[in-house]
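Trainee:
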Amino acid sequence: MKFSVNQLIALYAFTITPSLSSGSEIVTSIDKKYQRSKIDNVCEFEYPSCKVFKDGTVDNSGVQRCYDALAIPCDSYAFDISFSADQIEGTYVFISDANGPFVSTGIAVEFIDNNGENVVSLGNIASSKKSATFLSNDNFDVKITSDKNGFSVFVDNMLLISSPEAELVYQNAFSEGPMNIHFGSNGASAIISDIKVMCDGSDNACKEMAYLPKATKFIQLVKKNDGLCISEAGNIEGLQGSSDSPVPLYDTSNIKSIPCSSLNFEFSFEVDRTSDIYFLVTNDKGINQDIALGGQVGLISGSYGLGDSVFTNSVSAAPSSPTTATVTIKSSDTDLSMYIDDVLYGSIDPRDNDYPELLSPGAKKIYFAAEVDGTSINNIKISCSDQGGECLADTSASTESSESRSETTFTFAPMELNSGGIPKNYGQNAIEIPCESSDFQLDFTVNSQDDLFVAFVNEDGLPTSSIIVESQIGIASGRNVFRAGRYSAPTKRNFTKRQTENTQVVVKYQYINGTLFMYKNDALASSIKVPGISIKNAYFAPLQSTASIDDGQITCL
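So the sequence shown is residues -23 to -1, 1 to 534, counted in mature numbering (1 follows the signal peptide of the UniProt record, and there is no 0).
1. Which first and last residues belong to the alpha helix (DSSP H) in which Pro225 is found?
2. Among all the DSSP beta bridges, which residues are the ones paired with Asp527?
3. What's the gap between the Cα of Ile196 and the Cα of Ser454?
4. Helix, strand or coil for Pro327? Go by DSSP, reduced to three states.
5. Considering only residues of the same chain and omitting the five flanking positions on each side of Phe246, which have a CB-CB separation below 7 angstroms?
6. With DSSP as the reference, label Pro299 as helix, strand or coil.
7. Sort Leu240, Ile168, Ile49 and Glu214 by Cα distance to Ala346 and report the nearest one.
8. Considering Cα atoms alone, identify which of Lys506, Ala210, Asp63 and Asp326 is closest to Tyr496.
9. Mapping the DSSP letters down to three states, classify Leu394 as helix, strand or coil.
10. Using C-beta distances below 6 angstroms, list every residue in its chain close to Val119, excluding the 5 sequence neighbours before and after it, in chain order.
11. Where does Ile277 land, buried or exposed, given buried means 16+ other C-beta within 10 angstroms?
12. Could you tell me the distance, in whole angstroms, from the CA atom of Thr301 to the CA atom of Val248?
13. For Leu336, report the span of its alpha helix (DSSP H) as first-last.
14. On the DSSP letters alone, give me the boundaries of the beta strand (DSSP E) that Pro519 sits inside.
15. What is the DSSP secondary structure of Cys361, reduced to helix, strand or coil?
16. Could you pull the DSSP bridge partners for Tyr496 from this structure?
17. Assign Leu205 to one of two classes, buried (16 or more other C-beta atoms within 10 Å of its C-beta) or exposed (fewer than that).
18. Can we say the region 519 to 533 touches the region 395 to 415, given the rule of at least three CB pairs closer than 8 angstroms?
19. Might you give, ordered along the chain, the residues of its own chain that have their beta carbon closer than 7 angstroms to the beta carbon of Pro141, omitting 5 neighbours on each side?
20. Are there 16 or more other CB atoms within 10 angstroms of the CB of Pro391, so buried, or fewer, so exposed?
21. With burial defined as no fewer than 16 other Cβ atoms inside 10 Å of the residue's Cβ, what is the status of Leu136: buried or exposed?
22. Along the chain, where does the beta strand (DSSP E) that runs through Leu429 open and close?
23. Tell me the rounded alpha-carbon separation between Val199 and Ser298.
24. Along the chain, where does the beta strand (DSSP E) that runs through Arg463 open and close?
25. Mind checking if Ser298 is an interface residue toward chain D, Cβ cutoff 7 angstroms exclusive?
26. Just tell me which of Ala407, Ile359, Asp420 and Ser414 has its CA closest to the CA of Thr388.
27. Run through DSSP, which three-state label would Cys237 get?
28. Give the single residue among Asp171, Gln487 and Val274 whose Cα lies nearest to the Cα of Glu348.
29. Any idea what DSSP makes of Leu216, helix, strand or coil?
30. Kindly indicate the opening and closing residues of the beta strand (DSSP E) around Lys342.
31. So, under 8 angstroms CB-CB, Ala340 and Ser442 are touching, yes? Tell me the CB distance rounded to an integer number of Å.
32. Rounded to whole angstroms, what is the Cα-Cα separation between Cys51 and Ile531?
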């Protein structure tokens, strides 16, 4: 049987099989680790055992996969793969480039019972050698080698088939790494154990850090008790001037979020003393609301305001800096104050204003404007406080102290994502959230030419009929938003790709007390109240083209 691309697409589903009564250690949880060693110029990577079986096949392909994929962490086509199998007839190994079996650049190795004759097929070539041992009950040791001479397959140290590069034409596809390995079976169940990959380091292909197998997604690192009180919200560059406008021209493309569900918050920023600054605080629905909290920092005019109250500068002390000012706004249920360089400039009582009822529940947004064209707002910081004014252990309204919160951090494997044929193609590009409690933090770096989408779903994964929460990180479009609703499977379509350069973005999500926050390059970009689902999986996909995920980790809060 030869493998078509359509058949191999089915291999990209991911399952961890239940434990088996066997002497071999079988993967049953996310806690397994791979082992790495280095001898001379060779890197060796060991992977956990797994089971492949025919029962419960996916679609009509007649195959059941062992893993979504194991990574071959080599930067060239010079590598060895070895494994043991308790039975071998019907077992196959598919080796692909980083794009997986969605493309035709791969090699299938299959152990076939061909009308009673046991042969090995390599690509479109079948061996002529018979091996009665295929039908025995012993363990079989398989070794697959790839080097400049071509591709070879050994069973129990016997060379069964070899083919030169000229016939298989695979080396160009495998020359930049990493590659993927897929195990499967068209016959009886098989336990694949003692899986090892060796990279030939003679061509400097031996990587210092390996790509983790996707089946062993997490490695526990350290426990820590770091507080997350202050949110670094970044800068806003080059505001449009409002000098010719009767009202401040607020920048609606650079919105900062206050992830606090009460009036107990604080924000600060730095600005040159060359322009008056205006700010507007709204609820999470934005600037179109009728009621909001406005403020004016009169660094040039000398007029300062909070809400409907206006006060003039009566401070006689010289500023700490003649060129810049640090503005701090402190809010509570009973007081709203403006400080400049830690000096109080004015206060109002929120109970005498209309904004508390609108702004008290849920997250809030801050808009900025300037009198002088080109003014920048720098080093914006936002924090939440409890009723006593103490800094919370996180940027939410939680009352749990940092001392009582125990955090455990896990890393997950790098990912190569491809939506070249199907837009927003989540596929099986997923990680599990391994936290016993509901609160977690997800961090990673993405490189992409297009927007990245992350779908947060329950334990059923995708596809699902349940509600999901989907976020859009505006790498190309600038749109950073959340949506909640039913999942709709993507379909193939023709579209025009954006001609943009690859961009690197640092992304962080925090899920705390039922609210999901999204940070882009350390600036809080958006938030959403999650509508009654338990988040257990996260899926990743670019809108189109490709993307890579690196430096991934999950912290259980």
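For glycine and all other residues, C-beta sits at the position ideal for the given N, C-alpha and C.
Mentor: On the basis of the supplied data:
1. To locate residue 225, count along the sequence shown from 1; it is residue 248. First-last for Pro225: undefined, no H or E at that position.
2. On the sequence shown, residue 527 is found 550 positions in, with the first residue counted as 1. Bridge partners of Asp527: Thr422.
3. Numbered from 1 along the sequence shown, position 219 holds the residue referred to as residue 196. Numbered from 1 along the sequence shown, position 477 holds the residue referred to as residue 454. Its pLDDT being 31, under 50, Ile196 is placed unreliably in this model, and the value from its coordinates should be taken loosely. Approximately 34 angstroms between the Cα atoms of the pair.
4. As a working mapping, residue 327 is identified with position 350 in the sequence shown. Looking at Pro327 - three-state DSSP - the assignment turns out to be helix.
5. The sequence position of residue 246 within the sequence shown is 269, counting from 1. Closer than 7 angstroms at Cβ, skipping near neighbours: Val304, Ile354, Asn355, Asn356 and Ile357.
6. Here residue 299 corresponds to residue number 322 of the sequence shown, with the count starting at 1. Of the three classes helix, strand and coil, the one that applies to Pro299 here is coil, per DSSP.
7. As a first step, residue 346 is located in the sequence shown; it is residue number 369 there, counting from the start. With distances taken between Cα atoms, Ala346 lies closest to Glu214.
8. Residue 496 sits at position 519 when you count from the first residue of the sequence shown. Residue Ala210 is the option with its Cα nearest to Tyr496.
9. In the sequence shown, the residue the question calls residue 394 occupies position 417. Leu394 falls in the strand class under three-state DSSP.
10. Residue mapping note: residue 119 aligns to position 142 of the sequence shown, counting from 1. Cβ within range, chain order: Phe60 and Val132.
11. Position 300 of the sequence shown, counted from the first residue, corresponds to residue 277. Counting Cβ neighbours within 10 Å, Ile277 comes out exposed, since fewer than 16 surround it.
12. In the sequence shown, residue 301 corresponds to position 324, counting from 1. In the sequence shown, residue 248 corresponds to position 271, counting from 1. Each residue's Cα considered, the two are about 6 angstroms apart.
13. Residue mapping note: residue 336 aligns to position 359 of the sequence shown, counting from 1. Its alpha helix (DSSP H) spans residues Tyr332 to Leu336.
14. Numbered from 1 along the sequence shown, position 542 holds the residue referred to as residue 519. Run containing Pro519: Asn514 to Pro519, per the beta strand (DSSP E) assignment.
15. Looking up residue 361 in the sequence shown gives position 384. Reduced to three states, the DSSP call for Cys361 is strand.
16. Your numbering for residue 496 matches position 519 in the sequence shown. Paired residues: Lys485 and Leu501.
17. Locating residue 205 in the sequence shown gives position 228, where the first residue counts as 1. Caution applies to Leu205, whose pLDDT of 36 falls short of 50 and renders its modelled position unreliable; the value that the coordinates give is listed next. Leu205 is buried by the Cβ-count criterion.
18. yes
19. Against the sequence shown, residue 141 aligns to sequence position 164. The answer, listed in chain order, is Asn126 and Gly127.
20. One-based indexing of the sequence shown puts residue 391 at position 414. Classification of Pro391: buried, given that the 10 Å Cβ count is 16 or more.
21. The count along the sequence shown starts at 1 and reaches residue 136 at position 159. Leu136 should be labelled exposed.
22. Within the sequence shown, numbered from 1, the residue matching residue 429 stands at position 452. Here the beta strand (DSSP E) through Leu429 covers Leu429 to Val434.
23. The residue labelled residue 199 in the question sits at position 222 within the sequence shown. The residue labelled residue 298 in the question sits at position 321 within the sequence shown. The predicted model places Val199 with a pLDDT of 26, which falls under 50 and marks its position as unreliable; any figure quoted below should be read in that light. Between Val199 and Ser298, the C-alpha separation is close to 42 angstroms.
24. Here residue 463 is taken as the residue at index 486 of the sequence shown, counted from 1. Element bounds for Arg463: Val458 to Arg463.
25. Looking for chain D here will not work: only one protein chain is present.
26. Walking along the sequence shown from the start, residue 388 turns up at place 411. When only C-alpha atoms are compared, the closest one is Asp420.
27. Sequence index remark: in the sequence shown, residue 237 carries index 260 (1-based). Coil at Cys237, not helix or strand.
28. Taking the sequence shown and counting its residues from 1, the one referred to as residue 348 is at position 371. Nearest of Asp171, Gln487 and Val274 to Glu348, Cα basis: Val274.
29. Your numbering for residue 216 matches position 239 in the sequence shown. Of the three classes helix, strand and coil, the one that applies to Leu216 here is strand, per DSSP.
30. To locate residue 342, count along the sequence shown from 1; it is residue 365. Per DSSP, Lys342 belongs to the beta strand (DSSP E) from Lys341 to Ala347.
31. Residue mapping note: residue 340 aligns to position 363 of the sequence shown, counting from 1. Residue mapping note: residue 442 aligns to position 465 of the sequence shown, counting from 1. With 8 angstroms as the limit, Ala340 and Ser442 do not qualify as a contact, their Cβ atoms being about 29 angstroms apart.
32. Locating residue 51 in the sequence shown gives position 74, where the first residue counts as 1. Locating residue 531 in the sequence shown gives position 554, where the first residue counts as 1. Roughly 26 angstroms between the two C-alpha positions.
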